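Enquirer: Going letter by letter, the sequence shown gives residues 5 to 200 in this note's numbering.
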Amino acid sequence: MFANRFTALVDACSLAGALNRNLLLTLADAAFYRVRWSTPILDETERAIGRILTHKGTPDAHERATRARQGMEKAFEEAMVEDFDTFLCVCSDLPDQGDAHVLAAALKTRAQTIVTENLRHFPAAVLEPFDLEARSSDAFLADTIELDPGRAVAAIRRMRERMRKPEKTPAVLLLDMEAVGLVETVGLLRSYEASL
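(1) Rounded to the nearest angstrom, what separates A156 and Q74 at their Cα positions?
(2) In chain order, what residues of the same chain have a beta carbon less than 6 Å from the beta carbon of D33, not counting five sequence neighbours either side?
(3) Among the residues of its own chain, which have a CB less than 6 Å from the CB of A159, if the five just before and after it don't count?
(4) Just to check, is the beta-carbon of A83 closer than 8 Å to a non-hydrogen atom of the ligand NAP?
(5) Cutting at 6 Å between CB atoms, please list the residues of its own chain near M5, excluding the five before and the five after it.
(6) For R25 and R124, what's the separation of their Cα atoms in angstroms?
(7) Let me know the secondary structure DSSP gives V85 once reduced to three states.
(8) Would E165 count as contacting chain B if we go by Cβ distances under 9 Å?
(9) So does the region 136-156 actually touch the region 176-192, counting three or more Cβ pairs closer than 8 Å?
(10) If you count every other CB in all the chains shown that lies within 10 Å of the CB of R194, and 16 or more means buried, which is it?
(11) Could you give the C-beta distance for A109 and A12, rounded to a whole number, given that I count them as a contact under 8 Å?
(12) Can you tell me which of the three DSSP states S201 falls into?
(13) Roughly how many angstroms lie between the CA atoms of L23 and P133, to the nearest whole one?
(14) Name the DSSP bridge partner or partners of I118?
(15) Q74 lies in the alpha helix (DSSP H); which residues open and close that run?
(16) What's the call for R166, buried or exposed, on a 16-neighbour Cβ count within 10 Å?
(17) Kindly confirm or deny that the region 42-50 and the region 66-73 touch, where touching means at least three C-beta pairs closer than 8 Å.
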């Protein structure tokens, strides 16, 4: 329904954390928006997931990271943005040239938003001429949920019900979301806790 008109390129820093990733992909799967990424973004995501799991002491961290990436690619086959190198030439004004590939992929796919936690790396002055904005996961999730709270809450409830290790009550899910910085999203969902 909404996905036919809105595209978001999601940066690796927003896909690395499991809860952020699950929420973003849950809403994409529910057709709130079209999710897009690139090979460099998924390479970086896979490395970041591996580091996070290694830090947690997970013995097969890198294998799990690879499986997470493969699962994302299989679930969203249309999400891959390719052949965006020709757009790199207009990405030279970014504060960190290491992020040029993100902007180039967003331009190639005609995204309206880059979802990233590195907002400083994508200043409005650089993005506005391209009719593009950068939003944090928290702001993007909150805005997306507000499009249709009933459908969004139902999708998030199904996500929560799939969580088995450990299972999560709605209250625990909201606490976990708050712990990873999704404060605006939690503020919005708090009144729907009974339906989560």
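Note that beta-carbon positions come from the ideal geometry of N, C-alpha and C, so glycine has one too.
None of the values given here were measured: they were computed from a predicted structure.
Expert: According to the structure data:
(1) If I take the Cα positions, the gap works out to 25 Å.
(2) Cβ contact annotation for D33 (same chain, cutoff 6 Å, sequence separation greater than five): none.
(3) So the qualifying residues of the chain are T30 and A34.
(4) This structure does not include the ligand NAP; it has no bound ligands of any sort.
(5) With a pLDDT of only 44 at M5, under 50, the local geometry of the prediction cannot be trusted, and no value is derived from it.
(6) Rounded to whole angstroms, the gap between the alpha carbons of R25 and R124 is 21 Å.
(7) In the three-state scheme derived from DSSP, where H, G and I count as helix and E and B as strand, V85 is classed as strand.
(8) Absent here is chain B; the protein component of the structure consists of one chain.
(9) With a cut-off of 8 Å, the region 176-192 and the region 136-156 count as touching, because enough Cβ pairs lie within range.
(10) Label assigned to R194: exposed.
(11) Actually they are not in contact, since the Cβ atoms of A109 and A12 sit about 12 Å apart, beyond 8 Å.
(12) With the chain running from 5 to 200 in the structure shown, residue 201 is simply not present.
(13) Cα to Cα, the separation comes out at about 32 Å.
(14) DSSP output for I118 lists L13 and A138 as bridge partner(s).
(15) Taken as a continuous stretch (DSSP letters only), the alpha helix (DSSP H) holding Q74 covers A65 to A79.
(16) So R166 counts as exposed.
(17) Yes, since at least three Cβ pairs between the region 42-50 and the region 66-73 fall closer than 8 Å, the two stretches touch.
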